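> Take the sequence shown: its letters are residues -18 to -1, 1 to 90, numbered as in mature numbering (1 follows the signal peptide of the UniProt record, and there is no 0).
Glycine residues also receive a C-beta, built at the ideal position from the N, C-alpha and C atoms.
From a predicted model like this one, the values you see are computed outputs, not experimental measurements.
Starting off with a structure, shown below.
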Amino acid sequence: MRGLLLSIIIILFNVISGVFFENVRSDIRSLSSIPLTPESQRDHDRRIRREIANSNERRRMQSINAGFQSLKALLPHADGEKLSKVPLGFCAESKMQGLLSRIEMSNN
């Protein structure tokens, strides 16, 4: 029971805090190999920064979605039931409160 509670808390922490960091050096290397066109160096640098930011945001969203999928697998729900992120968060909170109260009752 404590293991499930700990798993839910860790997944929620990871989802909320965004601890799924990726190394962007490979992105920088791949973008720096793009041949320069007649555009100015400043425009080129701006484009590279935007592509890196887009890549980071894409990875961040994939990490968050993976965290929510992991959380959804831990929580009871009807097969085929579609849970968006907000109801999933409420369901996780409710489950944690129930587990905490069971732990408190077993300690008393």
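Are the C-beta of R42 and some C-beta of chain B separated by less than 9 Å?
Considering every chain present, this structure includes no chain B. It has just one protein chain.
> Give the DSSP-derived three-state secondary structure of P69 in the structure shown.
Against the sequence shown, residue 69 aligns to sequence position 87. In this structure, P69 counts as helix in the three-state DSSP scheme.
> What's the C-alpha gap between S76 and P69?
Translated into the one-based positions of the sequence shown, residue 76 becomes position 94. Translated into the one-based positions of the sequence shown, residue 69 becomes position 87. For S76 and P69, the distance between alpha carbons rounds to 10 Å.
> How big is the Cα-Cα spacing for N36 and K67?
Walking along the sequence shown from the start, residue 36 turns up at place 54. Walking along the sequence shown from the start, residue 67 turns up at place 85. So the alpha carbons of these two residues sit roughly 22 Å apart.
> If you count every other CB in all the chains shown that lies within 10 Å of the CB of L53, and 16 or more means buried, which is it?
For the purposes of this step, residue 53 is taken as the residue at position 71 of the sequence shown. Buried is the call here.
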